[in-house]
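First the structure, in the form of structure tokens, and then the observations on it.
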Amino acid sequence: MPNILHKKFSYSFNYATLIIAAANTLVFILTGSGRNLNMQYLLGLQPILFIRGHYFWQLFTYMFMHGSWSHLISNMIGLIFFGLYVERQCGSKEFLLFYILCGILCGAASLAIYSLSGHWQMLLVGASGAVYAVLLLFAVIFPRSTVFIFGLVPVPAPLLVAIYAGIELFDQLFGMRQGIAHLAHLSGFAAAWLFCLVRYGVNPIKVWKNALR
Numbered sequence: 147m148p149n150i151l152h153k154k155f156s157y158s159f160n161y162a163t164l165i166i167a168a169a170n171t172l173v174f175i176l177t178g179s180g181r182n183l184n185m186q187y188l189l190g191l192q193p194i195l196f197i198r199g200h201y202f203w204q205l206f207t208y209m210f211m212h213g214s215w216s217h218l219i220s221n222m223i224g225l226i227f228f229g230l231y232v233e234r235q236c237g238s239k240e241f242l243l244f245y246i247l248c249g250i251l252c253g254a255a256s257l258a259i260y261s262l263s264g265h266w267q268m269l270l271v272g273a274s275g276a277v278y279a280v281l282l283l284f285a286v287i288f289p290r291s292t293v294f295i296f297g298l299v300p301v302p303a304p305l306l307v308a309i310y311a312g313i314e315l316f317d318q319l320f321g322m323r324q325g326i327a328h329l330a331h332l333s334g335f336a337a338a339w340l341f342c343l344v345r346y347g348v349n350p351i352k353v354w355k356n357a358l359r
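For what it's worth, the working numbering labels the leading residue of the sequence shown as 147, then goes sequentially.
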């Protein structure tokens with residue numbers, strides 16, 4: 147009997163990446179373009195509301211909420227740029243499973259750490275964690291690819307992941323760039339790493355080492 151964790155979906159490509167981007171944009175507009183605080187606290191992820199108020203849906207809805215147009219656009223650019231390549235390679239159903247599951251895991255990790263550290267009022271919104279997860283999977287699927295930063299600076303995809311992880315870890319430890327969910331970004335990388343190990347039986351480090359040979 148095949149392991150359900152490794153059971154593959156039938157392949158289809160239905161532009162799920164664009165549908166997710168459209169859903170994020172639609173939610174952003176319908177909820178007041180980041181200005182409606184009531185909607186932010188209703189659909190964003192806040193430990194005190196999730197745990198004491200039983201707002202359990204927040205673990206899913208937070209990743210479709212954004213605080214500003216710049217927040218939304220930067221996340222959607224990253225999602226579309228890397229997501230379409232990943233989705234075309236693994237199929238829309240697999241991509242949706244990966245994206246939603248990693249987003250939920252990011253939220254759960256952030257929720258646990260904020261709660262244990264006493265930050266009950268922290269509000270987490272945005273698709274950043276899931277997008278960072280997509281970036282890591284892109285680097286695993288296409289380990290020899292090169293990403294041009296600002297369209298000018300060539301950076302190997304695995305190195306880009308390492309750079310972003312280093313920046314986020316530094317900022318998280320030393321309190322740089324306040325107002326950015328560094329913890330969610332790091333959780334996105336961790337969730338994608340775990341997904342690769344459990345779902346595909348692949349260690350990203352080994353993939354990247356082999357790509358250098």
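Note that beta-carbon positions come from the ideal geometry of N, C-alpha and C, so glycine has one too.
Please determine if the segment 255 to 262 and the segment 210 to 223 are in contact, where contact requires at least 3 C-beta pairs separated by less than 8 Å.
no
In whole angstroms, what is the alpha-carbon distance linking SER156 and GLY347?
19 Å
By alpha-carbon positions, which one of HIS217, TYR231, ASN149 ends up nearest to VAL280?
TYR231
Please classify LEU203: is it buried, with 16 or more other beta-carbons within 10 angstroms of its beta-carbon, or exposed?
The sequence given here has Trp at residue 203, not Leu. Label assigned to TRP203: exposed.
If we count the other Cβ atoms within 10 Å of its Cβ and call it buried at 16 or more, is ALA162 buried or exposed?
buried
Specify whether the segment 284 to 298 and the segment 257 to 273 touch according to this definition: at least 3 beta carbon pairs, one from each stretch, less than 8 Å apart.
Contact fails: fewer than three Cβ-Cβ distances are below 8 Å.
Taking all protein chains shown into account, do 16 or more other C-beta atoms lie within 10 angstroms of the C-beta of SER274, making it buried, or fewer, making it exposed?
buried
Excluding five sequence neighbours on each side, which residues of the same chain lie with their C-beta closer than 7 Å to the C-beta of PRO302?
THR292
For the beta strand (DSSP E) holding MET299, just list the boundary residues, first then last.
Met is not the amino acid found at residue 299; the sequence shown has Val there. Residues 299 to 302.
Ordered along the chain, which non-local residues of its own chain (more than five positions away) have a Cβ less than 6 Å from that of PHE165?
It is Ile, not Phe, that sits at residue 165 in the sequence shown. Within the same chain, ILE165 has no close Cβ partners at all.
Return helix, strand or coil for PHE294, following the three-state DSSP convention.
strand
Per DSSP, which residues does LEU191 bridge with? Please list them.
LEU270
Pull up the CB-CB distance for VAL353 and LEU151, whole angstroms please, since I reckon it's below 8 Å.
Not a contact, Cβ separation roughly 19 Å.
Using the rule of at least 16 other Cβ atoms within 10 Å of the residue's Cβ for burial, across every protein chain shown, is ASN349 buried or exposed?
exposed
Going by alpha carbons, who is nearest to VAL277 out of ILE313, VAL307, LEU358, GLY178?
VAL307
My assumption, with CB atoms under 8 Å, is that GLU233 sits in contact with PHE159. Please give the rounded CB distance.
GLU233 to PHE159, Cβ: 7 Å. Contact.
Taking the straight line between their C-alpha atoms, what separation do you get for ALA357 and ARG290?
6 Å
For GLY213 versus VAL271, is the C-beta distance shorter than 8 Å?
yes
What do you get for ASN184, buried or exposed, if any count of 16 or more other CB atoms within 10 angstroms of its CB means buried?
Classification for ASN184: exposed.
In terms of residue numbering, what span does the alpha helix (DSSP H) encompassing CYS248 cover?
238 to 262
If you run the structure through DSSP and keep just helix, strand and coil, what is TYR201?
coil
Can you grab the Cα-Cα spacing for the pair SER179 / PHE294, in whole Å?
30 Å
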